[in-house]
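Notes to accompany the following structure.
In my numbering, the protein residues as written are 281 to 511.
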């Protein structure tokens, strides 16, 4: 126990830097994953079969393969196809590696958020869309201005859960050398010559991050329910 406390204090700057990178990666993946998820959800709900097939195939492939494999495919596979991320340092991290890791998480999260958005849209009574169409709205305008604002109350709490999941899943990007919280444990293991204490410390940090986020989500859901009831 003493060694855990000593290492936590001695290398706190390294741990805090790793926490910062973990939060940034998770936020970017969640936000851009949501944009991708909205596009995919609209495709799955489209009247055009080809768009539905593409969206379904994408979601099934992404959800059916390990995220670690997806990260490796993006990092090692894209350069083979001639797609390379810029190579410079940002926030003390190689931008090429950071971009590849975030991009892989976006692709992964987008597939899951697609189902979240689709479920939220389908929770809105169909009559709302039909009424908008009968008033002369284009389908995409009806979805954007009538359906989506009502679907948001169903979507947002689940998106929050996805963010909590991403905080944990972001640890996988350490395999391509991104200095996130998981990577800091490996670094400190090499410096301190102690394998176990750094892992205990990052486990505590991950728990704190996810616990705070989970509690914030509960408060948000209660507030949302109160607003909905009053409305």
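The beta carbon of each residue, even a glycine, is placed where N, CA and C say it ideally should be.
{"Check": "Residue 398, buried or exposed, once every other Cβ within 10 Å from all chains shown has been counted against 16", "Outcome": "buried"}
{"Check": "Cut-off 7 Å between Cβ atoms - residues of its own chain near residue 412, not counting five sequence neighbours on either side", "Outcome": "422 and 426"}
{"Check": "Proximity to residue 402 [Cα-Cα], best of 418, 389, 314 and 428", "Outcome": "428"}
{"Check": "C-alpha distance - residue 341 paired with residue 392, whole-angstrom precision", "Outcome": "11 Å"}
{"Check": "Integer-rounded CB distance, given that residue 414 should sit under 8 Å from residue 302", "Outcome": "In fact, because the Cβ distance is near 48 Å, the residues do not count as touching under 8 Å."}
{"Check": "C-alpha gap between residue 355 and residue 382, whole angstroms", "Outcome": "10 Å"}
{"Check": "Rounded separation between residue 496 and residue 372 - CA only", "Outcome": "30 Å"}
{"Check": "Under 9 Å between C-beta atoms of residue 288 and residue 481", "Outcome": "yes"}
{"Check": "Touch test, the stretch 293-301 against the stretch 456-472, Cβ-Cβ under 8 Å, three pairs minimum", "Outcome": "yes"}
{"Check": "Simplified DSSP state of residue 460, which is helix, strand or coil", "Outcome": "coil"}
{"Check": "Spatial distance of residue 438 from residue 454 (CA atoms)", "Outcome": "26 Å"}
{"Check": "Simplified DSSP assignment, three categories, for residue 370", "Outcome": "strand"}
{"Check": "Residue 460, buried or exposed, once every other Cβ within 10 Å from all chains shown has been counted against 16", "Outcome": "buried"}
{"Check": "Local conformation of residue 281 per DSSP, three classes", "Outcome": "coil"}
{"Check": "Chain-order list of residues whose beta-carbon lies under 7 Å from that of residue 283 (same chain, five-residue window excluded)", "Outcome": "474 and 477"}
{"Check": "Whole-number beta carbon distance between residue 387 and residue 446, since they are thought to touch under 8 Å", "Outcome": "Actually they are not in contact, since the Cβ atoms of residue 446 and residue 387 sit about 12 Å apart, beyond 8 Å."}
{"Check": "Host alpha helix (DSSP H) of residue 381 (start-end)", "Outcome": "375-402"}
{"Check": "Same chain, Cβ closer than 7 Å to residue 365, neighbours up to 5 away in sequence not counted", "Outcome": "375, 376, 379 and 380"}
{"Check": "Endpoints, alpha helix (DSSP H) assigned at residue 445", "Outcome": "428-449"}
{"Check": "Residue 323: first and last residue of the uninterrupted alpha helix (DSSP H) it sits in", "Outcome": "292-324"}
{"Check": "Alpha helix (DSSP H) segment containing residue 342, residue limits", "Outcome": "329-343"}
{"Check": "Contact under 9 Å by Cβ, residue 352 with residue 458", "Outcome": "no"}
{"Check": "Separation of residue 485 from residue 326, as counted between CA atoms", "Outcome": "42 Å"}
{"Check": "Cutoff 7 Å; reference residue 490; Cβ partners in own chain excluding five residues on either side", "Outcome": "444, 447 and 448"}
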